[in-house]
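Trainee: When we follow my numbering, the leftmost residue of the sequence shown carries the number 1, and every step to the right adds one. Just so it is clear, CB atoms sit at the ideal spot from N, CA and C, and this is done for glycine as well. No experiment lies behind these values; they were computed from the predicted model shown.
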Amino acid sequence: MTTVPCALKDYGCSHSVVRVEMAEHYLSKEHQDAVINAACALSSKNHQNNNGDTIARFEEIYEKIDIAAGEIQMLQGDACRLNAELLHVQGSLKPVIRDVSSLKLSIEEQNAFLDAMKSKQEILTQDLASRTQKVEDMQYISYDGTIVWKITNVAEKMGKALFTIPLIFIRNVILLEKTWETIFDN
């Protein structure tokens with residue numbers, strides 16, 4: 001931003017001001033004192049100089065004041081426009097903020113619901129596993145006094161056993177496996 005010297009710098013107002021802040025500057029004490037000094041200087045020159053010089057000087061000051069007044073009006077217009085834009089933006093933000101708040105609440109509710117569903121699903125999974133085990137156990141209950149054992153994955157268990165026992169017993173294991181298959185096939 002560029003600064004411009006005050007129009008009354010010759011009368012004691014030594015500030016250089018950004019155009020946007022010119023209206024505030026015109027209301028400052030230093031500028032008001034410079035206006036009084038300018039008026040006094042022109043008044044005393046009036047007695048010393050002829051009327052032509054005084055009138056020319058007054059016209060020059062009047063032009064500067066007129067330019068400053070125009071700039072003030074322009075700045076006030078800009079301020080009004082910016083205020084209107086600010087109000088528009090604030091008005092546009094209110095529904096967005098409200099929507100974000102409702103979305104946050106909805107997400108929190110959904111997360112709570114999902115957590116509850118997850119814990120219920122875990123309970124149901126455990127219950128299902130327990131009931132499945134009970135059903136499997138009931139299938140092998142003997143009502144005539146004989147004991148029935150269920151051995152699952154016989155081939156896999158035998159394969160594991162083959163690698164863990166010494167080679168001397170391999171022949172016996174193969175015979176045992178054939179015997180088990182014969183028993184379970186019947």
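#1: Helix, strand or coil, according to DSSP, for residue 16 in the structure here?
#2: Given this structure, state the Cα-to-Cα distance separating residue 79 from residue 67, to the nearest angstrom.
#3: Do residue 75 and residue 23 come within 8 Å of each other at the CB atom, strictly closer than that value?
#4: Sort 42, 100, 71 by Cα distance to residue 58 and report the nearest one.
#5: Considering only the alpha carbon of each residue, which of 14, 21, 18, 99 lies closest to residue 37?
#6: Within 10 Å of its beta-carbon, does residue 88 have 16 or more other beta-carbons around it, so buried, or fewer, so exposed?
#7: Just to confirm, are residue 72 and residue 26 a CB contact at a threshold of 8 Å?
#8: What does the alpha-carbon distance come out to for the pair residue 113 and residue 106?
#9: Put residue 2 into one of helix, strand or coil per three-state DSSP.
#10: Could you tell me the alpha carbon to alpha carbon distance between residue 7 and residue 17, rounded to whole angstroms?
#11: According to DSSP, is residue 111 part of a helix, a strand, or is it coil?
#12: Grouping DSSP H, G and I as helix and E and B as strand, with all else coil, what is residue 27?
Mentor: Inspection of the coordinates gives the following:
#1: strand
#2: 18 Å
#3: yes
#4: 42
#5: 14
#6: exposed
#7: yes
#8: 10 Å
#9: coil
#10: 10 Å
#11: helix
#12: coil
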